[in-house]
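Novice: According to full-length UniProt numbering, the stretch in the sequence shown is residues 1 to 230, in order.
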Amino acid sequence: MEQLCLTFQQQTEQEEEEQQLLDLIILAAVAFGILNNEDECIRRMNPSRLYLTRPQLMPHPRLESPWICLWQGQDDRAFITTMGLDVATFHFILEGHGCFADVWDNAAGALGLVLHYLGSAIHEVQLQQIFAIVPSVLTRYLHFSLDILLATLRKMKEARIALPETQDEYEELSLLVVARHPLLEGAFGSIDGLALPAQVSDDPEIENATYNGWKTDHTITNVLMFSPKG
Numbered sequence: 001m002e003q004l005c006l007t008f009q010q011q012t013e014q015e016e017e018e019q020q021l022l023d024l025i026i027l028a029a030v031a032f033g034i035l036n037n038e039d040e041c042i043r044r045m046n047p048s049r050l051y052l053t054r055p056q057l058m059p060h061p062r063l064e065s066p067w068i069c070l071w072q073g074q075d076d077r078a079f080i081t082t083m084g085l086d087v088a089t090f091h092f093i094l095e096g097h098g099c100f101a102d103v104w105d106n107a108a109g110a111l112g113l114v115l116h117y118l119g120s121a122i123h124e125v126q127l128q129q130i131f132a133i134v135p136s137v138l139t140r141y142l143h144f145s146l147d148i149l150l151a152t153l154r155k156m157k158e159a160r161i162a163l164p165e166t167q168d169e170y171e172e173l174s175l176l177v178v179a180r181h182p183l184l185e186g187a188f189g190s191i192d193g194l195a196l197p198a199q200v201s202d203d204p205e206i207e208n209a210t211y212n213g214w215k216t217d218h219t220i221t222n223v224l225m226f227s228p229k230g
């Protein structure tokens, strides 16, 4: 009888130890899940991890950077590829009527930055690399230079968007179209659609709340009109 009781007691203690071990394993798994979730939340809430800081960038942005190399080269192909404008048009906006340069001490760099931003779908971290500037400077430059560019273009007759107003204007544009496309009569311009990628939140919950299920990407749809005169 004593042997039976001893065996039962040992079995009970072993089961209790196994249960305690199982409880510890479950507790460790829960703790690991909580810590992992906290790390993920911190990663999402700390955007600086997605940015480059000054030690990771070229030390003298006004003296050496990819943008400085591009600017000093004054090459039409390079300007058109990166900003959508040739050198002459860039200088016309910078120094012509309305004069972007009048309201900015580093006007060429600011105009180059905003044209890179508007003319491509690259991320801001890539703009940091091109212009060798930290996130706070990049944000301020984009904010102010977008406003300055808009104000400058509004003063320029060449940048005005308007339909032909007289019969003579229609005929002039139509002749330009027919000269290139003889069978296309009565046209005075052309239109095209463009879907520009829009910046989205890194938080999946916020992104899903604003997501259009009919589309695979977040874009802004534009209809662009082009004059035969360019």
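Every residue gets a Cβ at the ideal spot worked out from N, C-alpha and C, and that includes glycine.
Leaving out five residues before and five after His97 in sequence, what residues of the same chain have Cβ atoms less than 7 Å from its Cβ?
Specialist: Lys155 and Met156
Novice: With respect to the alpha helix (DSSP H) encompassing Ala195, which residues constitute its N-terminal and C-terminal limits?
Specialist: Here Ala195 belongs to no alpha helix (DSSP H); instead the beta strand (DSSP E) covers Ser190 to Pro197.
Novice: Rounded to a whole number of angstroms, what is the C-alpha to C-alpha distance between Ser227 and Glu205?
Specialist: 43 Å
Novice: Between the Cα of Gln199 and those of Glu95, Gln74, Leu27 and Leu118, spot the shortest distance and give me the residue it belongs to.
Specialist: Leu118
Novice: Apart from the five residues just before and just after Leu83, which ones in its own chain have a Cβ nearer than 8 Å to its Cβ?
Specialist: It should be pointed out that residue 83 corresponds to Met in this sequence rather than to Leu. Cβ neighbours of Met83 beyond the five flanking positions: Phe90, Gly112, Leu115, His116 and Gly119.
Novice: Report the three-state DSSP secondary structure of Val134 (helix, strand or coil).
Specialist: coil
Novice: Go ahead and pull the three-state DSSP assignment for Asn208.
Specialist: helix
Novice: Can you tell me where the alpha helix (DSSP H) with Val177 in it begins and where it stops?
Specialist: Gln167 to Arg180
Novice: Do Ala107 and Tyr141 have their CB atoms nearer than 8 Å?
Specialist: No Cβ-Cβ contact shorter than 8 Å links Ala107 with Tyr141.
Novice: Drop a sphere of 10 angstroms on the beta-carbon of Thr166, count the other beta-carbons inside from all chains shown, and report buried for 16 or more, exposed for fewer.
Specialist: exposed
Novice: Taking Phe79 as part of the alpha helix (DSSP H), name the residues at either end of that continuous run.
Specialist: Asp76 to Met83
Novice: Where does Leu153 fall in DSSP's three states?
Specialist: DSSP places Leu153 in helix when its eight states are reduced to three.
Novice: For Pro164, collect the residues of the same chain with a Cβ closer than 7 Å to its Cβ; drop the 5 residues on either side in sequence, then sort them by chain order.
Specialist: Listed in chain order, the non-local C-beta contacts of Pro164 below 7 Å within the same chain comprise Tyr170, Leu173 and Phe188, local neighbours out to five positions each way being set aside.
Novice: From Ala28 to Gln20, what distance separates their C-alpha atoms?
Specialist: If you draw a straight line from the Cα of Ala28 to the Cα of Gln20, it is about 12 Å long.
Novice: To the nearest angstrom, how far is the alpha carbon of Thr139 from that of Ile191?
Specialist: Near 33 Å, if we compare the C-alpha coordinates of Ile191 and Thr139.
Novice: Which residue wins for smallest C-alpha separation from Ile148, given the options Val125, Leu94 and Ala162?
Specialist: Leu94
Novice: Compare the Cα-Cα distances from Thr221 to each of Ser201, Glu207, Leu194 and Ala209 and report the closest residue.
Specialist: Leu194
Novice: Looking at the structure shown, is Leu115 part of a helix, part of a strand, or coil, going by DSSP?
Specialist: helix
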